[in-house]
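Note sheet for the following structure.
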Amino acid sequence: MKEHQGNAVSWGATDGVLELQLHRAPCNEIGTTTLAELEAFVGVLQSSVDEVHALVVHSTLAAGFCAGADLRELYAGMQEATPDAHVTGVRRFLERIHAVMNAIDAWPNPTIAAVHGICFGGGLELALVCDVIVADRMARFCFPELRLGLIPGFGGIPRLKRDVGNAVVRDLLLTGRSLNATRAHGVGLVGQLAGEGAALRVARSLAQQTAKFDRATSRAAKAFIKPIPHAELQREIDLFCELLARPAVEAGLRKFLTSTEVQPYLP
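So this is what it looks like as structure tokens:
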């Protein structure tokens, strides 16, 4: 497999493990550039299913794993198009990012997210498509979307419901508060804790561990224990687009983008 170096993401394989690296400054915000490169990656992922035995997703940026959607791009789209045209464009974007997320979710071999620092919004949604999240002890997890008048739109609600209890889902979604790595591990969101700066090393070790098992058995087990909630995912897109057209969303985005606070949407 040829290595690929993109503007937002890169990938390559070593010792039978495919690695997807996120490296779009300041913290891997997911916009049209990243989406296009992720779509290209999905093609490689699907064609390499028998060439590699695991996938590790990680960030090379000190700030963290991923801060979520590119809110500046979302807000700019509101200013440049009519409300109906903007919602139509966002719906298409969501359909495309859902296709990417579903492809990674459904990939038959084990997938591991190595998380450090910020893992918010769309970043948490990307981590949730992986089979196991390995987090260093300084990682934090959050769905701040309600503070912007929205809900998670990249598949986060159905996948969070799939993985943890309803009390945790409601806490994350309705309060906008963040969970530290220890708490996230305690509620079952994080599979393994690692020391500060050690998440990628632990994830790589875990990826090699998965190679010890019969491939067909592993794939059958994954398909059985990890169903994809397609109907709920589609409903999430519809609800996101319904909310997007409201004035409260534009006001929330404007407040976020003009704030001088480091994290204006967090308590």
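In numbering that gives the first Met the number 0, the protein residues as written are 0 to 266. We treat Cβ as the ideally placed atom computed from N, Cα and C, and that holds for glycine. Note that the coordinates shown come from a computational prediction; the quantities given were computed from them, not determined experimentally.
Close-in-space but distant-in-sequence residues of the same chain around residue i (CB under 6 Å, 5 per side omitted)
i	result
glutamine 249	Going by the sequence as given, residue 249 is glutamate instead of glutamine. For glutamate 249, where only same-chain residues beyond five positions count, the Cβ hits under 6 Å are Met77.
glutamate 235	Ile156
valine 41	Val99 and Ala102
serine 58	Leu21, Asn27 and Phe64
arginine 158	Leu127
alanine 244	Pro82 and Val86
Through-space distance from residue j to residue i, alpha-carbon basis
i	j	result
glycine 88	leucine 37	18 Å
glycine 155	glycine 121	8 Å
valine 86	cysteine 240	6 Å
tyrosine 264	aspartate 213	Because tyrosine 264 sits at a pLDDT of 49, beneath the cut-off of 50, its placement in the model cannot be relied upon, and the point is left open.
alanine 66	lysine 211	34 Å
alanine 105	histidine 97	12 Å
threonine 110	glycine 190	12 Å
leucine 205	threonine 32	30 Å
glutamate 50	phenylalanine 119	32 Å
lysine 254	alanine 35	28 Å
aspartate 14	glutamine 208	12 Å
serine 9	alanine 113	15 Å
proline 25	proline 228	32 Å
asparagine 179	leucine 123	13 Å
serine 46	glutamate 231	28 Å
leucine 73	leucine 60	23 Å
alanine 220	aspartate 162	16 Å
valine 11	histidine 52	Just to set this straight, residue 11 is glycine in the shown sequence, not valine. The alpha-carbon atoms of glycine 11 and histidine 52 are separated by roughly 13 Å.
proline 226	serine 217	15 Å
proline 151	isoleucine 224	24 Å
Nonlocal neighbours in the same chain, by C-beta distance under 7 Å from residue i, ignoring five residues either side
i	result
arginine 203	Val16 and Val55
methionine 19	Checking the sequence shown, residue 19 turns out to be leucine, not methionine. Hits under 7 Å: Val8, Trp10, Phe40, Leu54 and Val56.
Counterpart residues of residue i in DSSP-defined beta bridges
i	result
alanine 24	Answer by DSSP bridge pairing: none, since alanine 24 is not bridged.
threonine 13	Val16
glycine 120	For glycine 120, which the question treats as bridged, DSSP gives no partner whatsoever.
leucine 54	Leu17 and Thr110
isoleucine 29	Ala68
histidine 3	Trp10
glycine 63	Gly116 and Ile117
Residue i at chain D interface by Cβ criterion, 9 Å
i	result
leucine 242	In the structure shown, chain D does not exist; there is a single protein chain.
Supposed contact pair residue j and residue i - C-beta distance, whole angstroms, cut 8 Å
i	j	result
leucine 145	glycine 175	6 Å
alanine 197	aspartate 130	Actually they do not touch by this definition, with Cβ atoms about 19 Å apart.
glycine 148	leucine 242	6 Å
phenylalanine 153	serine 177	That pair is no contact at about 18 Å.
valine 186	valine 167	5 Å
histidine 184	leucine 172	No, histidine 184 and leucine 172 are not in contact; Cβ-Cβ is about 19 Å, not under 8 Å.
Neighbourhood of residue i by C-beta distance below 8 Å, restricted to the same chain and skipping five residues each side
i	result
valine 48	Trp106, Pro107 and Asn108
leucine 70	Glu28, Leu147, Leu252, Phe255 and Leu256
glycine 164	Val186 and Gly187
In the region 123-205, which residue ranges form an unbroken beta strand (DSSP E) of at least 3 residues, counting only runs that do not cross its ends?
-> 131-135, 139-141, 177-179 and 191-193
Contiguous beta strand (DSSP E) assignments of at least 3 residues, all confined to the region 209-241 = none
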